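**Student:**
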Ligand code: GLP
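See the structure below:
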């Protein structure tokens, strides 16, 4: 994996925004996979700024959000779709019809997962996939465990993940949905190019294990070692154990 260490989280985030804007310039009809979480917020803010300067054009791009909580849809606070609307989609010119997300309130969640997987395939797969990483090494909501799923699927969240996500639910862990929908490890590994961003000391252990540890379903991000084109953007703190 191609690792770049930046002085600060802000520098890493701005570089990632420029990376995305540059990719859109080269390939205007890019299919982009986008994560939620606190880490990409600065990148999304910077992308909105670049767009306002005419330096990031999403007019022909397609986006897929990586995951969503079960029980929530775009209208509800705490939903990842609402997060993406607020932090990115409201500030760039991406056609709403090409901004895809999983509906956590679909009547049949298995059918919803299959619909999503097929829609990604119909768009030619993910061209540029942005990823964050959980403290426990998850990517999307592919949680550590004895096994991983390849396709988009329904997943039970581990307690630490619910705790990590409590901020969007008034800090109350029990309000965080216990399940989510997530694109799978296969969906991720089929992306043409992956750029993962991690910032802060809390991520240092997961980053070290992702880059230097064995391949294991106990740390889903370690499977990224199998991919030929992964760029990793770190700040000094998240790179502290390398
Ligand atoms: C979330 C998401 C991931 C994200 C990760 C880290 O729950 N499912 O896509 O990368 O956890 O989040 P944060 O950036 O807030 O640390």
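Residue numbers (the numbering used here): 6 to 247. Cβ coordinates follow ideal geometry from the N, Cα and C atoms, glycine included. It should be emphasised that the depicted structure is a prediction, and the values quoted were computed from it without experimental measurement.
For the pair the stretch 187-207 and the stretch 121-133, tell me if three or more CB-CB distances fall below 8 Å.
**Tutor:** Contact between the stretch 187-207 and the stretch 121-133 is present, because at least three Cβ pairs lie under 8 Å.
**Student:** Taking 8 Å as the cut-off, is the CB of residue 87 close to at least one heavy atom of the ligand GLP?
**Tutor:** Flag unset: Cβ of residue 87 not near the ligand GLP.
**Student:** When burial is assigned at 16 or more other CB atoms within 10 Å of the CB, is residue 40 buried or exposed?
**Tutor:** Residue 40 should be labelled buried.
**Student:** Going by alpha carbons, who is nearest to residue 104 out of 85, 115, 242?
**Tutor:** Per the Cα distances, 85.
**Student:** Taking residue 165 as part of the alpha helix (DSSP H), name the residues at either end of that continuous run.
**Tutor:** It spans 164-169 - the alpha helix (DSSP H) in which residue 165 sits, taken as one unbroken run.
**Student:** Who does residue 73 pair with in a DSSP beta bridge?
**Tutor:** DSSP output for residue 73 lists 186 as bridge partner(s).
**Student:** Per DSSP, which residues does residue 37 bridge with? Please list them.
**Tutor:** DSSP, once it has assigned bridges, lists 68, 133 as partnering residue 37.
**Student:** Rounding to the nearest angstrom, what Cα-Cα distance links residue 216 and residue 137 in this structure?
**Tutor:** Using only the alpha carbons, I get a separation of about 14 Å.
**Student:** Roughly how far, in whole angstroms, is the beta-carbon of residue 90 from the beta-carbon of residue 66, given that I think they are within contact range, below 8 Å?
**Tutor:** Not confirmed; about 16 Å, so no contact.
**Student:** If you measure between the beta carbons of residue 239 and residue 11, is that distance less than 9 Å?
**Tutor:** Yes; because the gap between Cβ atoms is below 9 Å, this pair is in contact.
**Student:** Looking at the structure shown, is residue 125 part of a helix, part of a strand, or coil, going by DSSP?
**Tutor:** In this structure, residue 125 counts as helix in the three-state DSSP scheme.
**Student:** Using only the alpha-carbon positions, how far apart do residue 201 and residue 233 sit?
**Tutor:** Cα to Cα, the separation comes out at about 14 Å.
**Student:** Where do the ends of the alpha helix (DSSP H) carrying residue 56 lie?
**Tutor:** Run containing residue 56: 46-57, per the alpha helix (DSSP H) assignment.
**Student:** Assign residue 208 to buried or exposed, taking buried as 16 or more other Cβ atoms, counted over all protein chains shown, within 10 Å of its Cβ.
**Tutor:** Counting Cβ neighbours within 10 Å, residue 208 comes out buried, since at least 16 surround it.
**Student:** How would you write the range of the alpha helix (DSSP H) that residue 211 sits in, first residue to last?
**Tutor:** Residue 211 -> alpha helix (DSSP H) spans 209-217.
**Student:** Give me the Cα-Cα distance between residue 224 and residue 241, rounded to the nearest whole angstrom.
**Tutor:** Their Cα atoms are separated by approximately 22 Å.
**Student:** In terms of residue numbering, what span does the beta strand (DSSP E) encompassing residue 244 cover?
**Tutor:** No beta strand (DSSP E) contains residue 244, which DSSP labels as neither H nor E.
**Student:** Can residue 72 be considered in contact with the ligand GLP, in the sense that its beta carbon sits closer than 8 Å to one or more heavy atoms?
**Tutor:** Residue 72: yes, Cβ under 8 Å from the ligand GLP.
**Student:** Which first and last residues belong to the beta strand (DSSP E) in which residue 160 is found?
**Tutor:** It spans 158-161 - the beta strand (DSSP E) in which residue 160 sits, taken as one unbroken run.
**Student:** Could you spell out where the beta strand (DSSP E) holding residue 11 opens and where it closes?
**Tutor:** Start and end: 7-11.
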